[in-house]
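Q: Under the working numbering, the sequence shown is numbered contiguously, ending at residue 1807. My questions all concern the structure below.
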Amino acid sequence: MRNLLLILTILPTLAGAQPGDSLFRALKSQAASDTARVNTLNALSHAYWISGEDSLAKIYCLQAIGLAKKQGFLKGEANARFQFVRIEMDVLDKVDDAYAHLDTVDRKAREAGDELTRGISFFRRAQLVSMTEMDRPEPVDSLFNLALDIFRKGSAKHWEAMVYQEKAGMLGWEGKYAQAIELYLKARRMLESLGDEKALRATLPNLGVTYTQVEMYKEALECFDKAEQIARKNNDIRILAFLYNQKGDVFKKQNEPEKALASYTEAAKIYESTGSAQFLTSAYARISDVYFKLGDYTRAWTFNQRSDSVFKAHNPGDALYHFTQINYGNLYLQQKRYRDAIQSAGRGLNRIEEASEMLNERSNYLRQLSEAYKNLGSYSLAYDYYVRYKAASDSLLNDESRQRIMASNMNYELDKMKSAKELEIQQLENRQLVRTKNALLLAGLAAICILVYILWANKRLRKYNEQLVNKNREIEMALDRGQKIERRRVASELHDNLNTKLAALRWSLESMDTENWDGFNRSLHQKLLEMANDAYKDVRLISHNMLPPELEREGLPAAFTELVRKLNELGDIRFDFEAHNMYKRLSKNEEHQLYNVALEAINNALRHAQARNVRIRISIEENTFAMTLSDDGKGMENTSARNGMGFHNISNRIESIGGKVQIESAPDKGTTISVTVPVA
């Protein structure tokens, strides 16, 4: 359990990222006087630390401290010293230096009146004390309370949540799992509201560990899975290793040794690559225990020796790791090395004689001693140790039973709290609903009266409007029929009378003998002949366009095609026409109005625009007909274009068929007329 507390204390400080090229590029471009250089050095230190390169992390950390001191940059210096403490909590190599760094930060923050930095200093000191003096919970709790008071006053929500998380870990160590879970959940809610994913990578695993302690394995695995997603997203390999270990513990308790072994193995690989010796000891011991349960005693022995060697290499003297020691005792018993088992269990038992809370370890050692003496024939000693073993195991069983009851009670209390809050919210909502209903009832009665009147008035208006629309439609249809009849008559008069006379005039001019005329008269005769030809073409075009047969027979595409062909024969202006997706015809009235709009626009281009190219585009898309007429002429001011008589004529025609028109024009930018009409 003590090693679990060590892991729980370190875990909130972990965050994952490999040092990237961007940090090194930034470092090269930053001057020594730039405070950003200190921040970059701190970022490099953090990145190397999280990737397991503790030596490089310390180098950059010390560089940041030196540079920040020269600049008088307290925040950068404090962050660098805090980073040093975080590294030291992993390796426990220079603990005195870590305390000295915290002393310096506390003194400078106090002189500068920087309360937030002082609060962080208290927080880190509490973590360090819990790592190095685990039997002294009182100063740890007071330091956390000092930090918490500062963070609350300064509204530092992130750090406040971190304190709740650490205090939850202490409550878990004391066996107060329900209170621990409550604090973990409080920290989780705060961090989620802040969007602080880095801190959540620690909160979720610690919450999962506490769920494991009360045998809420489903909730524990859910926390571990969520934390694993975040850790993988941020390449946080140390937290991944921690999660593998904790998942392995759950699988072992659920009697799934193969899954447990796979998880422990993945954790060990990561700890080996990062050189995290204090965690590697636990991983090897766990693997040894699983192999023992699987009956693979050779591998169980090998991994237990590895665990023992790593632990002793970093804990000189008479240090002893109980997980490894218990494994040794089990292996000695299996090999029938009973005297070695007695020596191993006796040594372990002597080390925990004064530690009343280590019931599981005590029970295992007493069991091993009882079995060893029994097999050696010392039945009296075997019986004595068996009696003590039963007393310890019964006490352990009672504790485990209490934990199960605590888990049930905790679930009940959590559900009860949830139900109470939901009931309170529901009552508030109900009261609000009653007030809202009363207000809505009064408003509804008034609205019904108004609505009845509006419906009656609307019905009368709708009836009058329908009559008016029908009258207007009849008038429009009559006007349209009259216009068509008049167009046919005028077109016929132009074609049959005026055009015939112009043709006779042209033929007469062509038949005149100009051979004996002087140059002036011949030139005048040629001009008259050209004018007669032009007049003949114009009258022919006008008579055709007044009511083109193509429009009547085939619709707009054919009419525009013929119009463009004739216009291109008349002069220097180039006309282009394109039709897309014209899968249906419009009504006769709509086609005539649109054709006349095009004629109006073409007339403006011929008379005023001085254009060289005119483009006509028509299409039907999503039940909307669209027509665009654009030229590359001299254009005009937008307000002038809208105020012209031609535009008013176009606008009136389009509005009469329920469409919309837009004109865009600017000096030397040409003119574009866009028309849209809904298609039934």
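Every residue, glycine too, gets a C-beta built ideally from N, C-alpha and C. Quantities reported herein were computed from a predicted structural model and do not represent experimental measurements.
Under 7 Å Cβ to Cβ from K1379, same chain only, skipping five residues before and after it: list those, please.
A: Translated into positions along the sequence shown, residue 1379 becomes position 252. Excluding sequence neighbours, K1379 sits near A1387 and V1417.
Q: Suppose contacts are defined by Cβ-Cβ distances below 8 Å. Is R1780 in contact with N1723 by that definition?
A: Position 653 of the sequence shown, counting from 1, holds the residue named residue 1780. Position 596 of the sequence shown, counting from 1, holds the residue named residue 1723. Going by C-beta atoms, R1780 is nearer than 8 Å to N1723.
Q: Express the C-alpha separation of R1359 and F1430 in angstroms, rounding to a whole number.
A: Your numbering for residue 1430 matches position 303 in the sequence shown. Your numbering for residue 1359 matches position 232 in the sequence shown. So the two alpha carbons sit approximately 28 Å from each other.
Q: What's the gap between the Cα of N1130 and the Cα of I1277?
A: Taking the sequence shown and counting its residues from 1, one reaches residue 1130 at position 3. Taking the sequence shown and counting its residues from 1, one reaches residue 1277 at position 150. Confidence at N1130 is low in this model, with a pLDDT of 43, below 50, so its placement is unreliable and no value can be given for it.
Q: DSSP beta-bridge partners for S1757?
A: Taking the sequence shown and counting its residues from 1, one reaches residue 1757 at position 630. Partner(s): R1742 and T1799.
Q: Could you check what DSSP says for K1598 in three-state terms: helix, strand or coil?
A: Taking the first residue of the sequence shown as position 1, residue 1598 is located at position 471. K1598 falls in the helix class under three-state DSSP.
Q: Which residue wins for smallest C-alpha separation from G1456, given the options L1421, L1486 and S1497?
A: What you label residue 1456 is simply residue 329 of the sequence shown in a count that begins at 1. Answer by Cα proximity: S1497.
Q: Assuming F1687 contacts A1725 (C-beta within less than 8 Å), just tell me the rounded distance between them.
A: By one-based count along the sequence shown, residue 1687 stands at place 560. By one-based count along the sequence shown, residue 1725 stands at place 598. Yes, F1687 and A1725 are in contact; Cβ-Cβ is about 7 Å, under 8 Å.
Q: Quickly, what does DSSP pair K1787 with across the bridge? List them, please.
A: Stepping through the sequence shown from its first residue, residue 1787 is reached at position 660. For K1787, which the question treats as bridged, DSSP gives the partners T1803.
Q: Is it the case that the Cβ atoms of L1331 and A1354 are separated by a distance below 8 Å?
A: The residue labelled residue 1331 in the question sits at position 204 within the sequence shown. The residue labelled residue 1354 in the question sits at position 227 within the sequence shown. Contact: yes.
Q: Under the assumption that A1314 contacts Q1340 (Cβ atoms under 8 Å), give the Cβ distance between them as a whole number of angstroms.
A: Sequence index remark: in the sequence shown, residue 1314 carries index 187 (1-based). Sequence index remark: in the sequence shown, residue 1340 carries index 213 (1-based). In fact, because the Cβ distance is near 17 Å, the residues do not count as touching under 8 Å.
Q: In chain order, what residues of the same chain lie with their CB nearer than 6 Å to the CB of Y1512, ignoring the 5 residues before and after it?
A: On the sequence shown, residue 1512 is found 385 positions in, with the first residue counted as 1. The answer, listed in chain order, is L1493, L1496 and S1497.
Q: With N1454 and F1419 assumed to form a contact (beta carbons below 8 Å), what rounded beta-carbon distance in angstroms separates them?
A: Looking up residue 1454 in the sequence shown gives position 327. Looking up residue 1419 in the sequence shown gives position 292. The Cβ separation is near 7 Å, so the contact holds.
Q: Which first and last residues belong to the alpha helix (DSSP H) in which E1677 is found?
A: In the sequence shown, the residue the question calls residue 1677 occupies position 550. Its alpha helix (DSSP H) spans residues P1676 to R1680.
Q: Have a look at I1790 and L1578 and give me their C-alpha separation to the nearest angstrom.
A: Indexing the sequence shown from 1 puts residue 1790 at position 663. Indexing the sequence shown from 1 puts residue 1578 at position 451. The straight-line gap from Cα to Cα measures roughly 41 Å.
Q: Mapping DSSP to helix, strand and coil, what is T1641?
A: Within the sequence shown, the letter at position 514 stands for residue 1641. Coil, per DSSP.
Q: Can you say whether P1676 is buried or exposed, counting buried as having 16 or more other CB atoms within 10 angstroms of its CB?
A: In the sequence shown, residue 1676 corresponds to position 549, counting from 1. Under the 10 Å beta carbon count, P1676 is surrounded by fewer than 16 other beta carbons and is classified as exposed.
Q: Which partner residues does A1706 have in the DSSP bridge list?
A: Here the question's residue 1706 lines up with position 579 in the sequence shown. In DSSP, A1706 forms a bridge with I1745.
Q: Cα separation between Y1500 and A1509?
A: Within the sequence shown, residue 1500 is the residue found at index 373, counting from 1. Within the sequence shown, residue 1509 is the residue found at index 382, counting from 1. The straight-line gap from Cα to Cα measures roughly 5 Å.
Q: Are the segment 1245–1254 and the segment 1229–1236 touching, with three or more C-beta to C-beta distances below 8 Å?
A: yes
Q: Which of helix, strand or coil does DSSP assign to R1464?
A: Residue 1464 sits at position 337 when you count from the first residue of the sequence shown. It is coil, neither helix nor strand.
Q: Give me whichever residues DSSP pairs with T1751 in a beta bridge.
A: Taking the sequence shown and counting its residues from 1, one reaches residue 1751 at position 624. According to DSSP, T1751 bridges with E1748 and P1805.
Q: Helix, strand or coil for S1434, going by three-state DSSP, please let me know.
A: As a position in the sequence shown, residue 1434 is number 307, starting the count at 1. Of the three classes helix, strand and coil, the one that applies to S1434 here is helix, per DSSP.
Q: Between K1463 and the rest of its own chain, which residues show a CB-CB distance below 8 Å, the 5 nearest in sequence each way excluded?
A: By 1-based counting over the sequence shown, the position of residue 1463 is 336. So the list reads N1502, once near-sequence residues are dropped.
Q: Determine contact between the segment 1161–1180 and the segment 1190–1199, defined as no fewer than three beta-carbon pairs at a distance below 8 Å.
A: yes
Q: Note down the Cα distance separating Y1226 from Y1448, rounded to an integer number of angstroms.
A: Within the sequence shown, residue 1226 is the residue found at index 99, counting from 1. Within the sequence shown, residue 1448 is the residue found at index 321, counting from 1. Distance between the alpha carbons of Y1226 and Y1448: 26 Å.
Q: For P1410 versus A1395, is the C-beta spacing smaller than 8 Å?
A: Looking up residue 1410 in the sequence shown gives position 283. Looking up residue 1395 in the sequence shown gives position 268. According to the sequence provided, residue 1410 is Ala. The question's Pro does not apply to it. Yes; because the gap between Cβ atoms is below 8 Å, this pair is in contact.
Q: Return the residue from the list Y1506, L1486 and S1507 that minimises the CA-CA distance to A1518.
A: Within the sequence shown, numbered from 1, the residue matching residue 1518 stands at position 391. That would be L1486, whose Cα lies nearest to the Cα of A1518.
Q: Quick check on D1795: buried or exposed, where buried means 16 or more other Cβ atoms within 10 Å of its Cβ?
A: For the purposes of this step, residue 1795 is taken as the residue at position 668 of the sequence shown. The residue is exposed, with fewer than 16 neighbouring Cβ atoms inside 10 Å.
Q: Among the candidates V1561, K1374 and R1213, whose CA atom is the shortest distance from the CA of E1346?
A: Sequence index remark: in the sequence shown, residue 1346 carries index 219 (1-based). Closest by alpha carbon: K1374.
Q: Three-state secondary structure (DSSP) at R1701?
A: Within the sequence shown, numbered from 1, the residue matching residue 1701 stands at position 574. Correct three-state label for R1701: strand.
Q: Write down every uninterrupted run of the alpha helix (DSSP H) in the segment 1233–1287 whose length is 4 residues or greater and which is fully enclosed by it, in chain order.
A: 1242–1259 and 1264–1280
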